[in-house]
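Taken in order, the sequence shown gives residues 1 to 322; the numbers are from the UniProt record's numbering.
All residues carry an ideal CB built from backbone N, CA and C; glycine is no exception.
Here the structure is laid out as structure tokens; the discussion comes afterwards.
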Amino acid sequence: MVSCATVPSPLSRCFPFSVVATTAAAPTKLFTEFSTPRRNHFCFPHVVECLKVRICAVDRNRVSSLQPRTRAWEDPDDGSGSEYDDEDEEMEEYDLDFESDWEEEKDASATVTGVNKSTARKYEADLVKEVVQLLGPEERQILQQNAAPNLEKISTAKWSPLHTLALSGQIHSMDKLLANGLDIDNVDKDGLTALHRAIIGKKEAVISHLLRKGANPHVRDRDGATPLHYAVQVGAMQTVKLLIKYNVDINAADNEGWTPLHIAIQSRNRIIAKRLLVNGADKTRRNQDGKTPLDLSLCYGKDFKSYELAKLLKLVPANRDL
């Protein structure tokens, strides 16, 4: 006799499954079968683990019932149990059928690549003809005079095309400007480079691309602020880690004596402050007003964050390996 209990789950509408017991190959075997319209058999162990499952064990002579077991959810470890453990590891999210989707998209892309290239060439040729017909005589003359980007005519002291493209994430267009001789460290009227702007806009792909292309990670704006100052200010942890890998001066002070650690404490960002400390940030440095990072923390008053940051600054040693 074989009996199977039902499995209560809010996912049953999307992922119906059953628990099947068999004695064909061994005295006791348990199999879990899942099915969807796209794939007949696959398993979601991380889904099953947090379901209430009552499984029937079957052998040649008897059927024994296992007690229902519920696995309680545990929050991911954020390092709160240790003063020095890294707290900023991001949890990765997985699509349940990601691998299948990716393979299908890859096959489809390979099939239409040739067609897309041919279509794109035809579209571009048709577009050129159409636009030439739409332009007036003076407009056509401007186009003829500027076969390549005319950097002088598309720039102002405030609006640099490279900065604009960096903020909008237009990497391909950025590369075209750089290929036509534009200085990658060109500054606007505020002394900001495209790297500064990309960091302010939290454009991680652009930041990485500019650094690979040779952008100066040590450059300062007119106030003496470095890219690291801005990365800390906007809370861009991944950019902070990237700049540290490029050996930026972690204790660089701006014109008012503020280091990136001062900025981290001002923004009350404990995780970034700790990252700076363990990579050598000097917690004793004073700004022009004579304030250390600890002083800034205490100036916020008697709240939890002030105490938390004060404890961090007191206990985390500098130059500690991650």
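| Check | Outcome |
| --- | --- |
| Rounded straight-line distance, which links the Cα of Lys291 to that of Lys314 | 15 Å |
| Reduced DSSP secondary structure (H/G/I, E/B, other) of Leu135 | coil |
| Any alpha helix (DSSP H) of 4 or more consecutive residues that is wholly inside the UniProt repeat "ANK" (157-189) | 161-168, 171-179 |
| Start-to-end residues for the alpha helix (DSSP H) that takes in Val240 | 237-245 |
| Segment limits, alpha helix (DSSP H) that includes Lys202 | Neither: Lys202 is in no alpha helix (DSSP H) and is coded neither H nor E. |
| Helix, strand or coil at Arg197 [DSSP, three-state] | helix |
| Alpha-carbon to alpha-carbon, Gln170 and Val248 | 26 Å |
| Enclosing alpha helix (DSSP H) for Pro293 [first to last residue] | 293-299 |
| Assigned secondary structure, Gln67 (DSSP; H/G/I helix, E/B strand, else coil) | Low local confidence applies: a pLDDT of 46 at Gln67 is under 50, so the model's placement there is unreliable, and no value is given. |
| Closest by C-alpha distance to Leu195, when choosing among Leu261, Glu130, Pro227 | Pro227 |
| Cβ-based burial, Asn269 [other Cβ within 10 Å; buried from 16] | buried |
| Reduced DSSP category for Glu92 - H, G, I as helix; E, B as strand; rest coil | Because the pLDDT of Glu92 is 40, which lies under 50, any placement of that residue in the model is unreliable, and the question is left without a value. |
| Where the alpha helix (DSSP H) containing His229 begins and where it ends | 227-233 |
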